[in-house]
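Protein chains in written order, with the working numbering: chain A, 28 to 304; chain B, 14 to 357. Backbone N, C-alpha and C define an ideal beta-carbon position, used for all residues, glycine too.
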């Protein structure tokens, strides 16, 4: 049985005036799977995310959702097709309450005509329930400002929100980059939660350990092209780390640093250091 | 077990909790400031300041300032400024005075056209800001100067004067300048606008969008909020509110001068800031803005009753503004730090 991927890119290239950001990139992710997209800064990850989330359109190639080709004219269309993107900053407004953030743009209302009003109680209640279902039990007040929540909890709020509004594909853009170890593991738990609910997850990261912890499939972008791709267990951690660091480049750097050390520290700096001590 | 033990104490806990909730409301520090300043003048001024007549000397201007400050506050919550309100007050009062006092046309038609023209100014501001993505501070400063010049130049060319007398018909007077003792009907206008504004900000989807736009416009965009449309609507509301004040003043003073209204350029913003609106957007309350306008006029008028040299009044307002910003800042941080656990 062959599965129809929830989201697929076929031979996608993207060029901006004079610059090719992506060259012939193909990838797919099935429902209930986590695809980890690895790459260094400037490798084209951001461009790829923008294509997946409908901000940019591919110059050539196709984007398929459930096997059907789509050309999004904006992020809202991608959202309607079930593709939700959660950005690094968390996509929350710090000075608004948990309930208001959760339903931003989709606020539940009560009453009719001029009596139609935002149902604050319901919003806060649902937001808390959804957070709790993702294992976030620390947040117990839906009327509290999001600014008081930790980075991981904010990510959880965005992810919970995306799933509540029916996301089939969840694109997470560097969700762990700005977080400490504990918070990052909280977010990785969320990724698994989403996956278990049948959501197709695209996890974009440059942290190999985080990727290996949750990924089913992996793809590495280097300078706009797909440098390597594999499934879980097909590569060793060292191989991946090496690939990510750009193998040769890392070796060169080690040589260079050795040379610097051999040359010794400049005398005047030495004096300065002793002075400090 | 634990719940049965807590049960009898529940009422007191609830009372205490709602008291703490009140203290952490953003308006609370504004209210405290207002009361403190009122007590200050209670001690330092002659008793006449606290009579009905004395109270009307600051309540009446506070009402007119509040009418402009509420929509300006809304706009600031959405992260934008409108400095053009002063010129709209001048233009709308001059337009009505010329329409009625110089051309002797029908006053109701004049009122309607006045409001439509003001809305067009707001629409222009809104479109310019949202399309060009230039800071609204500069765009509206431009329209402020432009419209001030047009008002003065236009009235001199057309009517040969920069001030025009007019008399409004009785029903129009009743609507815009009737009095109870010395309390002007503008207080009722303010009350209506404040209730409507408070409802919109706290109880409607639009209110949620306004706060989100000022808090993080990218997030609002991604959530599907029509950020440009909402802001254009807010620019229209500030202009229409400014026109209402222009109309009230023209009817009340039986005419207008082209130099009218310039005090609103910064006073509306000052009132909003004293009232707890965050200068960078995303936070504020309408009750706070109303209290801010009242505090501002209490200070500017109160100083006349102290017998002190009024040369000092700006220094007092400046100090007040700084204090307000500091205390609001502190209270906001405290509200956030209060955490996400209930009752902690």
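Exercise. Does residue 298 of chain A come within less than 7 Å of chain B when only Cβ atoms are used?
Worked result: Any answer about residue 298 of chain A is weak, because its pLDDT of 46 lies below 50 and its placement is not dependable; what the coordinates show is given next. Taking Cβ atoms only, chain B never reaches closer than 7 Å to residue 298 of chain A, which makes this a no.
For this session: Work out the CA separation of residue 82 of chain B and residue 93 of chain B for me, nearest whole Å.
Result: Answer to the nearest angstrom: the Cα atoms are 13 Å apart.
Exercise. Taking the Cβ atom as the reference point for each residue, do residue 271 of chain B and residue 168 of chain B lie within a distance shorter than 7 Å?
Worked result: yes
For this session: Give a yes or no on whether 7 Å exceeds the smallest Cβ distance from residue 94 of chain A to chain B.
Result: no
For this session: Quickly, what does DSSP pair residue 253 of chain A with across the bridge? List them, please.
Result: A:248
Problem set entry | Closest by C-alpha distance to residue 253 of chain A, when choosing among A:43, A:53 and A:32 | A:53
Problem set entry | With 16 other Cβ atoms within 10 Å as the buried cut-off, status of residue 213 of chain A | buried
For this session: Report yes if the C-beta distance between residue 284 of chain B and residue 305 of chain B is below 7 Å; otherwise report no.
Result: Going by C-beta atoms, residue 284 of chain B is nearer than 7 Å to residue 305 of chain B.
Exercise. If we ignore side chains and look at the alpha-carbon of each, how far apart do residue 119 of chain B and residue 57 of chain B end up?
Worked result: 49 Å
For this session: Measuring only between beta-carbons, confirm whether residue 6 of chain B sits less than 7 Å from chain A.
Result: The displayed coordinates of chain B run from 14 to 357. Any statement about residue 6 of chain B would go beyond what the structure contains.
Exercise. Counting contacts by CB-CB distance shorter than 7 Å, is residue 123 of chain A in contact with chain B?
Worked result: yes
For this session: Would you verify that the beta carbon of residue 134 of chain A is, or is not, closer than 7 Å to some beta carbon of chain B?
Result: yes
Exercise. Can you give, in chain order, each stretch of the beta strand (DSSP E) that sits fully within the region 147 to 196 of chain A and has at least 3 residues?
Worked result: none
Exercise. Helix, strand or coil: which one does DSSP assign to residue 244 of chain B?
Worked result: helix
For this session: Kindly indicate the opening and closing residues of the beta strand (DSSP E) around residue 65 of chain A.
Result: Residues 61 to 66.
For this session: Could you confirm whether any beta carbon from chain B is found closer than 7 Å to the beta carbon of residue 207 of chain A?
Result: no
Exercise. Residues in its own chain within less than 8 Å of residue 243 of chain B by CB, not counting five upstream and five downstream?
Worked result: 91, 219, 222, 223 and 226
Exercise. Can you tell which of B:137, B:108, B:138 and B:139 has its C-alpha closest to the C-alpha of residue 125 of chain B?
Worked result: Nearest C-alpha to residue 125 of chain B among B:137, B:108, B:138 and B:139: B:108.
For this session: Pull up the distance between the alpha-carbon of residue 177 of chain B and that of residue 152 of chain A, whole angstroms please.
Result: 59 Å
Problem set entry | Proximity of residue 157 of chain B and residue 214 of chain B at Cβ, strictly below 7 Å | no
Exercise. What is the DSSP secondary structure of residue 342 of chain B, reduced to helix, strand or coil?
Worked result: helix
For this session: Compare the C-alpha of residue 57 of chain A against each of A:30, A:135 and A:164 and name the closest.
Result: When only C-alpha atoms are compared, the closest one is A:30.
Problem set entry | Contact between the region 77 to 94 of chain A and the region 245 to 264 of chain A (3+ Cβ pairs under 8 Å) | no
Problem set entry | Contact under 7 Å by Cβ, residue 159 of chain A with residue 119 of chain A | no
Exercise. When the cut-off is 7 Å and only beta carbons count, does residue 344 of chain B lie next to chain A?
Worked result: no
Problem set entry | Segment contact flag, the region 296 to 311 of chain B with the region 196 to 212 of chain B, C-beta cutoff 8 Å, min 3 pairs | The region 296 to 311 of chain B vs the region 196 to 212 of chain B: in contact.
Exercise. How should residue 337 of chain B be labelled, buried or exposed, when 16 other C-beta atoms within 10 angstroms of its C-beta is the threshold for buried?
Worked result: buried
Exercise. To the nearest angstrom, how far is it from the Cα of residue 184 of chain B to the Cα of residue 190 of chain B?
Worked result: Between residue 184 of chain B and residue 190 of chain B, the C-alpha separation is close to 10 Å.
Problem set entry | Distance between beta carbons of residue 111 of chain A and residue 197 of chain A, contact taken as under 8 Å | 6 Å
Exercise. Which of the residues in the region 242 to 260 of chain A, read from start to end, lie with their CB under 8 Å from any CB of chain B?
Worked result: none
For this session: Assess, as a yes-or-no matter, whether the region 35 to 50 of chain B is touched by the region 338 to 349 of chain B under the definition of 3 or more beta carbon pairs within less than 8 Å.
Result: yes
Problem set entry | Run of the alpha helix (DSSP H) containing residue 104 of chain A, from where it starts to where it stops | If you look at residue 104 of chain A, you'll find it in the alpha helix (DSSP H) that goes 102 to 107.
Exercise. Residue 171 of chain A and residue 125 of chain A: beta carbons closer than 7 Å?
Worked result: yes
Problem set entry | Minimum Cβ-Cβ distance from residue 202 of chain A to chain B less than 7 Å | no
For this session: Classify residue 169 of chain B as helix, strand or coil using the three-state DSSP reduction.
Result: In the structure shown, residue 169 of chain B sits in a helix (DSSP, three-state: H, G or I).
Exercise. Looking at the C-beta of residue 97 of chain A, does it have a partner C-beta in chain B at a distance below 7 Å?
Worked result: no
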